[in-house]
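In terms of my numbering, the sequence shown has 1623 at position 186, counting the first letter as 1, and numbering is strictly consecutive. Below you'll find the structure, written out as C-alpha cells, and then a few comments.
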Amino acid sequence: MQDSATALDDTGGRDAAAPPSRPRAARPIELAGSFHWGEHRLAYTEYGSGDRVVLLTHGIMFTRRMHAPLARKLAASGYRVLTLDLLGHGDSDRPGESWRYSLPAFAEQALALLDHLGVDRAVVGGTSLGANVALEVAVAAPDRLPGMIVEMPVLDNAVFAGLLAFPPLLFAARFLPVTVRGVAAVAHRIPHGNQWVDVLTDTLDQQPAALAALLHGVLFGRIAPPKSARRRIEVPALVLGHQGDPIHPFGDADTLAADLPNAEFVRARSPVELRFDPARLTEAITGFLDRRYAH
C-alpha cells in the first residue's frame, strides 16, 4: 500500500511579491499509510524523518491518534516517530475471530511495520496494552531495540480490576450488540476537531463482533511476558507509572522496573499527566531517547 501525505504551504498563503517575513521553523512532515500483515490491512502514521526511529502503540480500544501530540513533539526534536493502529483498532482491519488477537501477535505487527518501512532498529514504546506490546517485542527481537518506553504496564496487580472492567464490555459486545452500535452511532454525531474529543470518539466507535473478539483474545490470552522472561530482557527501558488507577496500578510499574535489569523509573503525577500536562514527562522521554541514540 502506498503512503499518502498532505504538503504544507510554507508561504502561509502570502503573495509571492510580498516582502519576506521572519522564517518559520518547518513543521515535520506527517504521512498516513497502510500495509498488509498477512491478509489484514494495518494503518499507521509517520511523523518526521531520519534514522532515529520511535514506534508508539496505543491502549486497548484506543487508536494511534492518542499518541499524536507526543509524536509531534518528538518529531520536532529530530526523531522519526511511527504510530500504529493494531489489528482491531482504528483504521486497521477488525476481524471477528478471537484467535487473531494476542499480545505476541500485536508484537509481530509492530515488527512488521518496521520491516515494511525498512527500519532495522527502533525504540518501541506504548501505553497500557501498548506497553505490554513493547515488552513482547523486546522478548521477540531484542537486537532491534536500542530501548523501550513502557507507560502504564498491565501485570499481575491489575488482574482483578481488569476482570471487573472488561467482561461487562465483552458481554455487551457478544450478547447485546445493539448497545455497542448505539454508542458508536452517538460517537459519529460528535463534531471532530479537538484532539481528545477525537480520541474519545475513536474509542467509542466499535464494531460488536470485532470488539468481542478483541477482548476475548486479549483477556484470555497472555497478558504480558512472565516474570522469568522479563528478568532476561536486557533492553534499556524507561518505565512510567502512577498511583490512583486500579487498571494500571503503581505496583505493576514499580515491579516491572525492578524486574528489568536496565530500567529507569519515572513516577507520573496522575494517569493523564502525559496527555494534559506533558512537559515534564516529555522531557524525560526525550532525554531517554537522546541517551539511547547517543550510543
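C-beta: ideal position from N, C-alpha, C; glycine also. Keep in mind that this is a model prediction, so the values were computed, not measured.
Exercise. What separation, rounded to the nearest whole angstrom, lies between the Cα atoms of D1635 and E1476?
Worked result: In a straight line, the C-alpha of D1635 is about 28 angstroms away from that of E1476.
Exercise. CA-CA distance, A1694 and D1552?
Worked result: So the two alpha carbons sit approximately 29 angstroms from each other.
Exercise. What span of residues does the alpha helix (DSSP H) with F1608 cover, start to end?
Worked result: Counting along the chain, the alpha helix (DSSP H) containing F1608 begins and ends at 1604 to 1612.
Problem set entry | Three-state class that DSSP yields for I1684 in the structure shown | Looking at I1684 - three-state DSSP - the assignment turns out to be coil, as it is neither helix nor strand.
For this session: Starting from the Cα of P1590, find the closest Cα among F1608, D1689, R1704, L1711 and give me that residue.
Result: Out of F1608, D1689, R1704, L1711, the CA that lies nearest to the CA of P1590 is found in D1689.
Problem set entry | Among I1466, D1528, D1714, E1467, the one whose alpha carbon lies nearest that of A1647 | Here the closest residue by C-alpha is D1528.
Problem set entry | 7 angstroms CB neighbourhood of P1686 in its chain, flanking five on each side removed | When the five nearest sequence neighbours on each side are left out, the beta carbons in the same chain lying within less than 7 angstroms of the beta carbon of P1686 are those of N1594, A1595, in order along the chain.
Exercise. Short check: CB of L1492 to CB of V1576, under 7 angstroms?
Worked result: Their beta carbons are not under 7 angstroms apart, which means L1492 does not touch V1576 by this criterion.
For this session: Assuming T1494 and L1524 form a contact by the criterion Cβ under 8 angstroms, report the distance between their Cβ atoms to the nearest whole angstrom.
Result: With 8 angstroms as the limit, T1494 and L1524 do not qualify as a contact, their Cβ atoms being about 11 angstroms apart.
Exercise. Assuming G1485 and P1465 make a contact with CB atoms under 8 angstroms, what is their CB distance in whole Å?
Worked result: With 8 angstroms as the limit, G1485 and P1465 qualify as a contact, their Cβ atoms being about 4 angstroms apart.
Exercise. For A1547, which of T1482, G1515, S1665, P1604 has the nearest alpha-carbon?
Worked result: In terms of CA proximity to A1547, T1482 leads the group T1482, G1515, S1665, P1604.
Exercise. When burial is assigned at 16 or more other CB atoms within 10 Å of the CB, is R1459 buried or exposed?
Worked result: Low per-residue confidence applies at R1459: pLDDT is 41, beneath 50, and the placement is therefore not dependable enough to give any value.
Exercise. What first and last residue would you give for the beta strand (DSSP E) that runs through H1473?
Worked result: Segment 1467 to 1474, the beta strand (DSSP E) holding H1473.
Problem set entry | Nearest-angstrom Cα separation, counted from I1497 out to A1731 | Using only the alpha carbons, I get a separation of about 32 angstroms.
Exercise. Is F1657 near the ligand ADP, in the sense that its beta carbon is under 6 angstroms from a heavy atom of that ligand?
Worked result: For the structure depicted, the ligand ADP is absent and the ligand set is empty, with no information on it obtainable.
Exercise. Looking at the structure shown, is F1702 part of a helix, part of a strand, or coil, going by DSSP?
Worked result: If DSSP states are grouped into helix, strand and coil, F1702 belongs with the strands.
Problem set entry | C-beta contact flag for V1631 and E1671 at 7 angstroms | A quick correction: the sequence has Asn, not Val, at residue 1631. Taking 7 angstroms as the cut-off, the Cβ atoms of N1631 and E1671 do not count as close.
Exercise. How many angstroms separate the CA atom of A1572 from the CA atom of V1556?
Worked result: Correcting the residue identity first, residue 1572 is Leu in this sequence and not Ala. Their backbone Cα atoms lie some 19 angstroms apart in a straight line.
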